[in-house]
Amino acid sequence: MRQDLQEYDEEWVLLIKEAKRLGLSLEEVRVFLEEGRVPDLMKNKR
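So my numbering is basically just the index in the sequence shown, starting at one, shifted up by 469.
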């Protein structure tokens with residue numbers, strides 16, 4: 470169980486690092502994950 474949690478945490482860290490690399494904010498990632506939609510802020514970056 471502990472290893473499962475560690476792997477889960479590592480996946481979140483990778484997700485956040487990739488989002489930052491792409492110039493996305495944590496708020497944009499949160500909205501996308503919670504609501505399943507692309508936040509308006511993210512649309513303006515293209």
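Note that the Cβ used here is the ideal one computed from N, Cα and C, for glycine as well. Owing to the predicted nature of the structure, the values given are computational and were not obtained by experimental measurement.
Query raised in the report: Straight-line CA distance for L495 to Q475?
Result: Here the question's residue 495 lines up with position 26 in the sequence shown. Here the question's residue 475 lines up with position 6 in the sequence shown. Straight-line Cα distance between these residues: approximately 21 Å.
Query - Buried versus exposed call for E504 [16 or more other C-beta atoms within 10 Å across all chains shown] - result: Here residue 504 is taken as the residue at index 35 of the sequence shown, counted from 1. Exposed.
Query - Residues of its chain near A488, where Cβ-Cβ distance is below 6 Å and the 5 sequence neighbours each way are ignored - result: Here residue 488 corresponds to residue number 19 of the sequence shown, with the count starting at 1. Excluding sequence neighbours, A488 sits near V498.
**Report entry** DSSP three-state assignment for V498, whether helix, strand or coil
**Finding:** As a working mapping, residue 498 is identified with position 29 in the sequence shown. Helix at V498.
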